[in-house]
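A short worksheet on the structure shown next.
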Amino acid sequence: MRSTFRGIAVASVALLVLSGAVSANAANSDCISTPALNPAHLVESKSLDYGVSAQAWQWQPGSDATNASLSPLGTRVSVATGNLRNISFGILHWSIPDTQDLRMLSVTGEKAIASLNGDYFDGNGPWNAMLEDSHMIYSPPGSTGVIGLIKKTVVPSKGYRGSGTVTVANKKYLVTGVNQLKPSNNSIVVYGQNFMNDVTPKGQVTVVIKSGKIYKVYPNGAAVSKKLGTVIQVRGKYAATFAKFALKKIAKVTLAPAPQYETRMVADTVAPAGSISSATNTVSIDAYNFGPLSATGATLFDSEYSDTTRSGRVTLRITPDATGKLIVRNVYRQGYFTKVDAGGYILQAKGDTATAALRFKAGDVVTISRGYRSSTGANFINAAGRGPKIVENGKFVWICAMHSKEFRPRSAIGWNQDGQVWLMASSRGADAADMGMRQGGSTADQMAKWLMSLGATDAVLLDGGGSTTMEIKDPDASWQRFDLPNSAWYRALSNAFSLEANY
Numbered sequence: 008m009r010s011t012f013r014g015i016a017v018a019s020v021a022l023l024v025l026s027g028a029v030s031a032n033a034a035n036s037d038c039i040s041t042p043a044l045n046p047a048h049l050v051e052s053k054s055l056d057y058g059v060s061a062q063a064w065q066w067q068p069g070s071d072a073t074n075a076s077l078s079p080l081g082t083r084v085s086v087a088t089g090n091l092r093n094i095s096f097g098i099l100h101w102s103i104p105d106t107q108d109l110r111m112l113s114v115t116g117e118k119a120i121a122s123l124n125g126d127y128f129d130g131n132g133p134w135n136a137m138l139e140d141s142h143m144i145y146s147p148p149g150s151t152g153v154i155g156l157i158k159k160t161v162v163p164s165k166g167y168r169g170s171g172t173v174t175v176a177n178k179k180y181l182v183t184g185v186n187q188l189k190p191s192n193n194s195i196v197v198y199g200q201n202f203m204n205d206v207t208p209k210g211q212v213t214v215v216i217k218s219g220k221i222y223k224v225y226p227n228g229a230a231v232s233k234k235l236g237t238v239i240q241v242r243g244k245y246a247a248t249f250a251k252f253a254l255k256k257i258a259k260v261t262l263a264p265a266p267q268y269e270t271r272m273v274a275d276t277v278a279p280a281g282s283i284s285s286a287t288n289t290v291s292i293d294a295y296n297f298g299p300l301s302a303t304g305a306t307l308f309d310s311e312y313s314d315t316t317r318s319g320r321v322t323l324r325i326t327p328d329a330t331g332k333l334i335v336r337n338v339y340r341q342g343y344f345t346k347v348d349a350g351g352y353i354l355q356a357k358g359d360t361a362t363a364a365l366r367f368k369a370g371d372v373v374t375i376s377r378g379y380r381s382s383t384g385a386n387f388i389n390a391a392g393r394g395p396k397i398v399e400n401g402k403f404v405w406i407c408a409m410h411s412k413e414f415r416p417r418s419a420i421g422w423n424q425d426g427q428v429w430l431m432a433s434s435r436g437a438d439a440a441d442m443g444m445r446q447g448g449s450t451a452d453q454m455a456k457w458l459m460s461l462g463a464t465d466a467v468l469l470d471g472g473g474s475t476t477m478e479i480k481d482p483d484a485s486w487q488r489f490d491l492p493n494s495a496w497y498r499a500l501s502n503a504f505s506l507e508a509n510y
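So the sequence shown is numbered by the numbering used here: it starts at 8 and just counts up by one.
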């Protein structure tokens, strides 16, 4: 049975520790401390398009390195962040299985604003699936882990990113969410009578509005019944302000209508579930554009695949006719090494599936379904491979052990229910003749703690080491390297993630 993750990539020195949620004590028992991302170490701050921003914090070698929680070679933490209210989340890639450096991937990504290296990979391509524009464009056989964007129907009682205001004493405060079950740590969430539960989640500060006035204030927060009135749970920036509201002060909540859909980030596992069918025969598809081929099933290739396909026991060559119908042109009963025709497909079948593939005949009209299944039922817009989870539902879930405790260049993505997405890279922060191995950076658990401090409730690791790269599109200076100087060496990547313009 194929593992969800495949260990250490040729392109990475990062160790993947596969784990579910663990207790806070177990997860933290062997972790070193995490230095705060404080203003004293903030070295860059940039405003990009569509509300995206980029910031970097840096600790220099030398005096800073006397702190055992920092790399003696220096540490730079680079972050690009945006909100799904204003942006989208995409993947960047070249033809499969070709690789390309992040600068070129970013420049050719029409909508990209900030980008970060992506999945682990080797000479055969990415280790996990890729989905683009709601289609699975690449996948090995079996289930693999992905991180990406979904479009979800909003059920108002179960929560959504709200748009509205809380007005108290003529001052307006922006609402971040409505009826959310797991709000972020910097939020103002309104709970109405349509909330799915009788009792709301507890905030840092809780305010209840009834009959147009402040009815109750809980300075330390409380899980209260929605029957009391309109409940407002506040966390973070405005908690202290709401805690001081006086009873009976005039107050009003104004909310925009709930949207029909909203986009959200999801970490999941996916597996191919497609098929090729004629009037008399159907064969399941086990892999998409996967060079080594499924060992016992069928692998479908399309024009995304640039190499000559390896030969299965049986090979089908399929191209469209003048009306767009897909026609089996050739059935190679002993298999065939071949490239994919423009607009066409190659099916390479092995094992018992090869016997079923032999039932197709030249001239057959076929339909191809490129479906997939996900463990949560998520329907992705864009997604690509990920490493293990390091933060889940607001909790630190990483186990500090072995190589994950080393100071290495690392990459991660974090997000929360408010729609905020963070791309993060840790590195030495300076160009160095290290033969591409890269030195300095952080531990894996520090990446998790930093993302949590910024507001992430969920986060995953990505490929790291020499692959760690971040680019931003500065409105004044076009694309520039952000994790290291522009002079630094680039590794060619299998894919990358991007914060994109939403148009």
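Ideal Cβ placement from N, Cα and C applies to all residues, glycine included. The model shown is predicted, which means the values in this text are computed figures rather than measured ones.
{"Check": "With 16 other Cβ atoms within 10 Å as the buried cut-off, status of Glu-507", "Outcome": "buried"}
{"Check": "Bridge partner(s) assigned by DSSP for Ser-433", "Outcome": "Val-84 and Arg-417"}
{"Check": "Backbone secondary structure at Pro-163 - three-state DSSP", "Outcome": "helix"}
{"Check": "Rounded C-alpha distance that separates Pro-395 from Gly-219", "Outcome": "47 Å"}
{"Check": "Endpoints, the alpha helix (DSSP H) within which Thr-248 is located", "Outcome": "246–250"}
{"Check": "Assigned secondary structure, Pro-42 (DSSP; H/G/I helix, E/B strand, else coil)", "Outcome": "coil"}
{"Check": "Cβ-Cβ distance between Ala-203 and Phe-96 below 8 Å", "Outcome": "Residue 203 is actually Met in this sequence, not Ala. The answer is no: Cβ separation not under 8 Å."}
{"Check": "Sufficient close CB pairs (3 or more, under 8 Å) joining the stretch 194–203 to the stretch 110–120", "Outcome": "no"}
{"Check": "In chain order, each beta strand (DSSP E) run of at least 3 residues that lies wholly inside the stretch 318–378", "Outcome": "321–327, 333–339, 352–356 and 372–376"}
{"Check": "Distance between beta carbons of Gly-125 and Asp-470, contact taken as under 8 Å", "Outcome": "7 Å"}
{"Check": "Cβ neighbour criterion (16 or more within 10 Å) applied to Asn-386", "Outcome": "exposed"}
{"Check": "Contacting residues, own chain, Cβ-Cβ under 6 Å from Thr-41 (five flanking each side not counted)", "Outcome": "Gln-453 and Lys-456"}
{"Check": "Cβ-based burial, Arg-380 [other Cβ within 10 Å; buried from 16]", "Outcome": "exposed"}
{"Check": "Beta bridge counterpart(s) of Leu-468 as assigned by DSSP", "Outcome": "Ala-419"}
{"Check": "Which of helix, strand or coil DSSP assigns to Ala-390", "Outcome": "strand"}
{"Check": "Ser-95, DSSP secondary structure in three states", "Outcome": "strand"}
{"Check": "Same chain only: Cβ atoms within 8 Å of Glu-413, ignoring 5 sequence neighbours per side", "Outcome": "Thr-450"}
{"Check": "Own chain, CB closer than 8 Å to Asn-186, minus 5 neighbours either side, in chain order", "Outcome": "Pro-163, Ser-164, Lys-165, Gly-166, Tyr-167, Val-196, Val-197, Tyr-198, Gly-199, Asn-201, Phe-202 and Met-203"}
{"Check": "Counted within 10 angstroms of its Cβ, other Cβ atoms place Ala-28 as buried (16 or more) or exposed", "Outcome": "In this prediction, Ala-28 has a pLDDT of 39, which is less than 50 and means its spatial position is unreliable; nothing more can be read from the coordinates."}
{"Check": "Own chain, CB closer than 6 Å to Ala-250, minus 5 neighbours either side, in chain order", "Outcome": "Val-212 and Pro-226"}
{"Check": "Buried or exposed (CB count within 10 angstroms, at least 16 for buried), Thr-383", "Outcome": "exposed"}
{"Check": "Three-state class that DSSP yields for Gln-211 in the structure shown", "Outcome": "coil"}
{"Check": "Own chain residues within Cβ distance below 7 Å of Asp-105, not counting five before or after", "Outcome": "Ser-313"}
{"Check": "Residue from Asp-140, Thr-207 and Tyr-180 whose Cα sits closest to the Cα of Lys-189", "Outcome": "Thr-207"}
{"Check": "Cβ shell of Gly-421 (< 6 Å), same chain only, five flanking positions each side left out", "Outcome": "Trp-429, Leu-458, Ala-463 and Ala-466"}
{"Check": "Residues near Thr-475 in its chain [Cβ-Cβ closer than 7 Å; skip 5 each side]", "Outcome": "Asn-124, Pro-416, Arg-417, Ser-418, Ala-432, Ser-434, Arg-445 and Asp-490"}
{"Check": "Distance CB(Arg-324)-CB(Asn-337) smaller than 8 Å", "Outcome": "yes"}
{"Check": "Proximity winner among Gly-228, Val-231 and Gly-236, relative to Ile-221 (alpha-carbon distances)", "Outcome": "Gly-236"}
{"Check": "Backbone CA spacing between Asn-392 and Trp-405 [nearest angstrom]", "Outcome": "Checking the displayed sequence, the identity of residue 392 turns out to be Gly instead of Asn. Their Cα atoms are separated by approximately 18 Å."}
{"Check": "Same chain, Cβ closer than 6 Å to Thr-174, five either side skipped, listed in chain order", "Outcome": "Lys-259"}
{"Check": "Where Ala-47 sits in the DSSP three-state scheme", "Outcome": "helix"}
{"Check": "Beta-carbon proximity of Thr-322 to Tyr-295, cut-off 8 Å", "Outcome": "no"}
{"Check": "As assigned by DSSP and simplified to three states, the class of Pro-492", "Outcome": "coil"}
{"Check": "Residue from Arg-110, Val-398, Glu-399 and Asp-140 whose Cα sits closest to the Cα of Leu-156", "Outcome": "Asp-140"}
{"Check": "Through-space distance from Asp-371 to Val-182, alpha-carbon basis", "Outcome": "57 Å"}
{"Check": "Sequence-distant residues of the same chain with beta carbon closer than 8 Å to Val-84, five excluded per side", "Outcome": "Leu-44, Ala-63, Trp-64, Gln-65, Met-431, Ala-432, Ser-433, Ser-449 and Trp-457"}
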